[in-house]
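Heads up: the first sequence begins at 33 in the numbering used here, then just goes up one per residue.
Working notes, structure below.
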Amino acid sequence: MSEKIPEKEPVVKKNFIHQIVEEELNAGKNDGRVHTRFPPEPNGYLHIGHAKSICLNFGTAQKYNGLTNLRFDDTNPSKEETEYVDSIKEDVHWLGFDWGDREFFASDYFDKLYEFATKLIKEGKAYVDDQDAETISSQKGTPTRPGLESPHRQRSVEENLDLFVRMRDGEFSDGEKVLRAKIDMASPNMHMRDPILYRIMKTPHHRTGDKWCIYPMYDFAHGQCDYWEGITHSICTLEFEVHRPLYNWFIDQLKTDEYRPRQIEFARLNLTYTVMSKRKLLELVKDKHVSGWDDPRMPTVSGLRRRGYTPESIRNFAERIGVTKVDGMIDVALLEHSVREDLNKKAQRVMGVLNPLKVVITNYPEGQVEEMDAINNPENPEAGKRKVPFTREIYIEREDFMEEPPRKFFRLGPGREVRLRYAYFVTCTDVVKDEQGEIVELHCTYDPASRGGNSPDGRKVKGTLHWVSATENVEAEVRLYDRLFLDEDPNGHKDRDFKEFMNPNSLTVLDKCYIEPFVKDSKALDSFQFERLGYFNVDSDSKADKLVFNRTAQLRDNWAKKQGK
RNA sequence: UGACCCAUGGUGUAAUUGGCAACACGUCUGAUUUUGGUUCAGAAGAGUCCAGGUUCGAGCCCUGGUGGGUCAACCA
33 MSEKIPEKEP VVKKNFIHQI VEEELNAGKN DGRVHTRFPP EPNGYLHIGH AKSICLNFGT
93 AQKYNGLTNL RFDDTNPSKE ETEYVDSIKE DVHWLGFDWG DREFFASDYF DKLYEFATKL
153 IKEGKAYVDD QDAETISSQK GTPTRPGLES PHRQRSVEEN LDLFVRMRDG EFSDGEKVLR
213 AKIDMASPNM HMRDPILYRI MKTPHHRTGD KWCIYPMYDF AHGQCDYWEG ITHSICTLEF
273 EVHRPLYNWF IDQLKTDEYR PRQIEFARLN LTYTVMSKRK LLELVKDKHV SGWDDPRMPT
333 VSGLRRRGYT PESIRNFAER IGVTKVDGMI DVALLEHSVR EDLNKKAQRV MGVLNPLKVV
393 ITNYPEGQVE EMDAINNPEN PEAGKRKVPF TREIYIERED FMEEPPRKFF RLGPGREVRL
453 RYAYFVTCTD VVKDEQGEIV ELHCTYDPAS RGGNSPDGRK VKGTLHWVSA TENVEAEVRL
513 YDRLFLDEDP NGHKDRDFKE FMNPNSLTVL DKCYIEPFVK DSKALDSFQF ERLGYFNVDS
573 DSKADKLVFN RTAQLRDNWA KKQGK
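See below:
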């Protein structure tokens with residue numbers, strides 16, 4: 033007989049970073065310690081690409097009993113704001129991760145960084161340069177040609193020290209001087225050509241106020257913060273690969289024993305039909321192409337949340353796409369599959385009609401209201417049942433009726449019989465039109481013996497329609513979303529702006545939709561499956577007297593798929 | 001005329017570290033179904049960028065190509 037089949041756990045696949053970690057653990061490195069960090073710059077909202085990084089950083093630490101710090105990379109006060117800090121914290125928590133009391137800011141280290149810079153000056157490894165940005169840039173050379181040394185490169189330690197103090201004390205104006213590392217202007221790696229360490233910026237900082245008027249550059253801050261926090265694995269995206277020698281150079285100047293953080297790079301997430309850079313997302317927000325960072329069409333964490341995505345679905349997605357160094361492009365269909373999969377298990381079923389067509393059941397008693405039994409979630413028996421009111425006048429979906437139904441159309445047509453879910457079999461007897469020939473109403477008769485949806489004589493019907501009572505219902509606004517861009521890779525066109533590929537129909541607002549009374553008291557973020565239509569959640573614009581729903585995702589629809597061809 | 005990185009079905013990842021290429025999404029059949037959902041059964045689709053080499057044996061190792069990406073912000 034059977035050996036015990038191992039429980040199917042939510043396996044975390046072993047990616048190349050996990051392999052590195054395991055090799056190091058086996059070699060006894062860092063005393064078996066694993067400590068990662070998630071280091072966002074608070075200059076925008078987090079997007080699904082950050083979510084991948086969050087899952088990687090927190091997930092890796094969890095897997096190896098380690099810790100993860102949240103550290104805001106706030107070295108550029110001209111772009112960073114507290115609003116972003118707050119949203120980032122909310123998003124990381126919502127995704128299901130916790131950094132305990134290890135919430136840090138690069139700005140926490142401004143004093144230590146300043147000291148470290150002073151040390152480098154004293155060791156003759158840094159100097160103050162008086163040249164302007166353009167000159168420094170032109171002396172930098174090109175990737176294929178070495179750079180030129182600055183005329184100030186050989187200043188004495190004393191002069192450098194004096195100048196640096198005066199930079200800090202505000203004696204010079206923005207851009208007048210910089211502190212540079214003295215490394216190698218001929219290095220094949222551009223980042224090693226005397227990189228800038230500090231620049232003058234008389235801009236108040238969101239945390240340090242006007243204490244500083246010089247601010248460290250990213251390269252001069254990141255690795256050192258990692259070092260001071262005891263980070264073992266500094267995981268970042270591929271574009272920082274060429275920065276690694278410089279990262280290591282600073283650590284070399286800092287380290288006092290064997291410990292050193294290791295920078296490992298992985299490929300950032302690209303998704304089809306969207307853009308994934310904070311700069312471009314900010315542009316969409318500023319130019320009002322979307323309603324804000326949390327517009328449900330945005331690939332931001334807050335947008336996905338508002339759209340109805342669950343943290344679980346995003347974590348599963350992150351797990352499924354894996355972690356590699358291949359710069360690829362993930363099909364959004366995979367993201368959509370991840371929500372459907374999660375919501376299918378969890379979402380309360382409900383009937384809602386988006387595009388109403390009135391149906392009068394002519395042989396049904398006027399004024400009668402019957403409470404029909406409906407299953408809350410067929411995937412979860414514990415979710416129980418509810419009552420749905422049935423009346424003589426109801427609404428059905430316009431697309432569920434065709435006057436001249438094609439082959440394989442299982443729904444309603446003249447003379448046809450269908451099932452109204454959880455209610456009765458009805459047969460269409462009349463089609464009522466207005467002067468324009470537009471169908472305004474259907475007349476049907478019902479079979480009282482088919483109460484609940486089955487006929488005692490064993491009669492079968494091909495179609496089952498959802499419906500909502502025309503008198504016992506909740507009226508709602510429903511927002512349907514489509515991809516923001518029509519092109520798979522709006523970024524991938526040279527000489528064309530990504531905004532040229534925007535989908536003009538990415539948002540459709542349906543004003544008069546009818547939902548069964550069950551949803552009446554629902555709150556923002558509550559998710560439902562509107563049967564046969566898709567997953568919908570309550571939008572934050574929703575009011576008690578005017579519910580607003582977002583369509584999170586459509587249900588798979590083989591019929592629609594065949595029609596499309 | 002540089003440095004660094006990458007290359008496996010349509011897409012994304014695997015392959016016990018050298019042993020007859022697996023999984024997920026997507027696509028297509030069929031079954032079940034009071035959601036044209038879910039579930040279930042099945043199919044098609046790559047011979048691993050190319051050329052050499054090492055080896056009994058290479059997607060994994062070596063060499064050389066090719067293609068793609070990143071780097072020349074006082075951004076991160």
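Cβ coordinates follow ideal geometry from the N, Cα and C atoms, glycine included.
Kindly indicate which three-state DSSP category residue i falls into: helix, strand or coil?
i      : result
Gln400 : coil
Glu368 : helix
Tyr513 : strand
Glu135 : strand
Lys555 : coil
Ala508 : strand
Asn62  : helix
His79  : strand
Pro549 : helix
Val493 : coil
Arg483 : coil
Pro413 : helix
Glu35  : In this prediction, Glu35 scores a pLDDT of 32, lower than 50, which makes its location untrustworthy; the coordinate-derived value is nonetheless stated afterwards. Glu35: coil per DSSP, three-state reduction.
Glu41  : Note that Glu41 scores 40 on pLDDT, short of 50, meaning its location in the model is unreliable and no value can be drawn from it.
Arg339 : helix
Arg451 : strand
Thr114 : helix
Asp374 : helix
Asp123 : helix
Val333 : helix
Arg588 : coil
Ile355 : Inspection of the sequence shows that residue 355 is occupied by Val rather than by Ile. The answer is coil: DSSP assigns Val355 none of H, G, I, E or B.
Arg225 : coil
Thr671 : This structure gives no information on residue 671, because the portion of the chain shown stretches from 33 to 597.
Val541 : strand
I'd like to confirm the pairing. Which residues does DSSP put opposite residue i in its beta bridges?
i      : result
Ile101 : What sits at residue 101 in the sequence shown is Asn, not Ile. Asn101 pairs with Arg69.
Trp499 : Ile428
Pro388 : Glu429
Pro248 : Tyr230
Gly241 : His237
Asp258 : DSSP output for Asp258 lists no bridge partner at all.
Asn582 : Arg511 and Asn569
His265 : Arg294
His475 : Val392 and Asp462
Arg381 : Gln561
Asp405 : Lys419
Is it right to say residue i is buried, meaning 16 or more other beta carbons lie within 10 angstroms of its own, or is it exposed?
i      : result
Lys84  : buried
Pro175 : exposed
Val210 : buried
Phe517 : buried
Val197 : exposed
Phe48  : exposed
Glu35  : Summary for Glu35: the model assigns pLDDT 32, below 50, so the residue's position carries little reliability, and this model does not support an answer.
Lys214 : buried
Pro488 : exposed
Arg177 : exposed
Lys154 : exposed
Asn582 : buried
Gly81  : buried
His525 : exposed
Lys310 : buried
Complete beta strand (DSSP E) runs within the stretch 159-218 (minimum length 3 residues, chain order): Here the runs fully enclosed are 210-213.
The stretch 501-515 touching the stretch 472-479, judged by at least three CB pairs closer than 8 Å: The stretch 501-515, when compared against the stretch 472-479, does not touch it at the 8 Å Cβ threshold.
In chain order, each alpha helix (DSSP H) run of at least 4 residues that lies wholly inside the stretch 278-305: DSSP runs (the alpha helix (DSSP H)) wholly in the stretch 278-305: none.
Cβ contact (3+ pairs, closer than 8 Å) linking the stretch 270-280 and the stretch 295-302: Yes, the stretch 270-280 touches the stretch 295-302.
Cβ contact check for the stretch 407-418 and the stretch 368-379: 3 or more pairs under 8 Å: Yes, the stretch 407-418 is in contact with the stretch 368-379.
At least 3 beta-carbon pairs within less than 8 Å: the stretch 551-569 vs the stretch 380-391: Contact check between the stretch 551-569 and the stretch 380-391: three or more CB pairs, one atom from each, fall below 8 Å, which counts as touching.
Given 8 Å, three or more beta-carbon pairs between the stretch 299-312 and the stretch 543-552: With a cut-off of 8 Å, the stretch 543-552 and the stretch 299-312 do not count as touching, because too few Cβ pairs lie within range.
The stretch 515-534 in contact with the stretch 344-355 per 3-pair CB rule at 8 Å: No: the two stretches stay apart, fewer than three of their Cβ pairs being nearer than 8 Å.
Stretch pair the stretch 235-255 + the stretch 125-133: three plus CB contacts closer than 8 Å: No contact exists between the stretch 235-255 and the stretch 125-133.
Three CB pairs or more closer than 8 Å across the stretch 60-78 and the stretch 89-106: By the Cβ criterion, the stretch 60-78 is in contact with the stretch 89-106, since at least three pairs of Cβ atoms, one from each stretch, lie closer than 8 Å.
Segment contact, 8 Å Cβ cut-off, at least three pairs: the stretch 386-396 with the stretch 357-373: Contact check between the stretch 386-396 and the stretch 357-373: fewer than three CB pairs, one atom from each, fall below 8 Å, which does not count as touching.
contact_flag[the stretch 218-229, the stretch 107-125] where n(CB pairs < 8 Å) is 3 or more: Two segments are said to touch when three or more pairs of C-beta atoms, one from each, lie closer than 8 Å; by this definition the stretch 218-229 does not touch the stretch 107-125.
Sufficient close CB pairs (3 or more, under 8 Å) joining the stretch 130-138 to the stretch 253-273: In this structure the stretch 130-138 lies against the stretch 253-273, because at least three pairs of beta carbons, one per stretch, are closer than 8 Å.
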